[in-house]
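S.K.:
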Amino acid sequence: MLKRRIVQITAAVTTNSYFKGFLEGTVYKGKSKVFCVPGLNCYSCPGSLGSCPIGAFQAVANSAGFFVSYYLIGFFLIIGTLLGRFVCGWLCPFGLIQEVLYKIPVRKIHFPRQLHFLKYFKYLILLIFVIYIPIFVINTWGIGYPAFCKWICPAGTLEAGIPLIIVNESIRSAAGALFTWKIAVLIFVIILSVKLNRFFCKFMCPLGAIYAIFNKVSIFRLNINTHKCIKCGKCSSICKIDVSPFENPNSLECIRCGECRKACPSSAIRLGIK
Amino acid sequence: MKRGYYQFLFLLVGVLLLVAGIYRQEAYEVMIKAINICLECIGIG
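Protein chains in written order, with the numbering used here: chain U, 11 to 284; chain B, 904 to 948.
(1) Would Leu281 (chain U) count as contacting chain B if we go by Cβ distances under 9 Å?
(2) Once the 5 residues before and after Ala165 (chain U) are set aside, which same chain residues still bring their CB inside 6 Å of it?
(3) Since Thr91 (chain U) meets chain B, which of its residues come closer than 7 Å, beta carbon to beta carbon?
(4) Look at the Cβ atom of Gly60 (chain U), then the Cβ atom of Thr20 (chain U), and state whether they are nearer than 9 Å.
(5) By the 10 Å Cβ neighbour count, where 16 or more other Cβ atoms means buried, how is Tyr38 (chain U) classified, buried or exposed?
(6) List the residues of chain B that Ser73 (chain U) touches, going by C-beta distances under 7 Å, in chain order.
(7) Mark Tyr908 (chain B) as exposed unless 16 or more other C-beta atoms lie within 10 angstroms of its C-beta, in which case mark it buried.
(8) Any contact between the stretch 927-934 of chain B and the stretch 171-183 of chain U? By contact I mean 3 or more CB pairs, one from each, below 8 Å.
(9) For Ile279 (chain U), which residues of its own chain have a beta-carbon under 7 Å away from its beta-carbon, when the five flanking residues on both sides are left out?
(10) Quick one: what does DSSP say Ile234 (chain U) is sitting in, helix, strand or coil?
(11) Answer yes or no: does any C-beta atom of chain B fall closer than 9 Å to that of Cys102 (chain U)?
(12) My understanding is that Asn225 (chain U) touches Ser261 (chain U), with C-beta atoms under 8 Å, so please give their C-beta distance in whole angstroms.
(13) Which runs of the alpha helix (DSSP H) at least 4 residues long sit entirely within the stretch 175-221 of chain U? Give them in chain order.
(14) Please confirm if the stretch 137-149 of chain U is in contact with the stretch 57-73 of chain U, defined as three or more CB-CB distances below 8 Å between the two stretches.
(15) Could you spell out the range, first to last residue, of the beta strand (DSSP E) harbouring Leu281 (chain U)?
As structure tokens, then:
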């Protein structure tokens, strides 16, 4: 847990280390922004040194003359095949924020098994708000708009919107009904993340949905030694994502946090390359 | 074995698409978007 937390904090700080941006209410303008970071990290965050892959995908789709981004599909194929949802568990700053929120000591929600189908909602968000609207809903100049960033993304509101509004006078004066809506979405996600572990990752994150598609084939994965496994179910009971590692070690929902590995009494679970 | 085949195929296609995207100036488009404050992304515009 400590090792993972150190990696999460290091990833979040190194990709958002343009501290001057937070003081001046501006964003980093260096060439490193040509590269995408693996996690959900708004490129309008004042500290961000890289680009958000979901924001970048929509930005290219929005632009007249591109339609679909080869650059971003290639990026998703490479990162997904190498790491799968390891990105969610170890590298995503918004995943870290949700885990910290879940530490707040209030009564937690046990999500009923009958409602587990809601995990498919994130795929719907991916299809409608990240792919369909940015590509196909265009204005008279042939330009679309980043529907997920504009209407949903709580990471953008928290990491970029709020810091910029606090420091930048001109942005503050331009905030209106849309910003109020985005704050409402953020509050909704924060409250549910306090009550339910990684609420946004489980039900809403389109980037998690993309990486989930690769979980079954990713090179970095969970491996179960079937000779050692005694099927005690301890890995399933400790899993905060409600996955059953000994039955389905590379479930689409598994974020490779490795908690199951530590709980296994027979050391049958290995997290690594295969 | 089958998984290894898919891993190789996805990585190969991924690299080819990434290079094609760079060739099409998509990476430049991403950078232009990212070095300016995206008002829509932060809930302003």
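Just so it is clear, CB atoms sit at the ideal spot from N, CA and C, and this is done for glycine as well. Quick caveat, the model's predicted, so the values are computed rather than measured.
M.R.: Quick answer:
(1) Judged by the 9 Å Cβ criterion, Leu281 (chain U) is not in contact with chain B.
(2) Leu50, Cys52, Phe104
(3) Gln910, Phe913, Leu914, Gly917
(4) Using a Cβ distance threshold of 9 Å, Gly60 (chain U) and Thr20 (chain U) do not count as a contacting pair.
(5) buried
(6) Glu932
(7) exposed
(8) No, because fewer than three Cβ pairs between the stretch 927-934 of chain B and the stretch 171-183 of chain U fall closer than 8 Å, the two stretches do not touch.
(9) Cβ contact annotation for Ile279 (chain U) (same chain, cutoff 7 Å, sequence separation greater than five): Leu232, Ile234, Cys245, Pro255, Cys270, Arg271, in chain order.
(10) strand
(11) Using a Cβ-Cβ cut-off of 9 Å, Cys102 (chain U) does not count as an interface residue toward chain B, since no Cβ of chain B sits closer than that to its own.
(12) 7 Å
(13) 179-184, 187-205, 209-213
(14) yes
(15) 279-283
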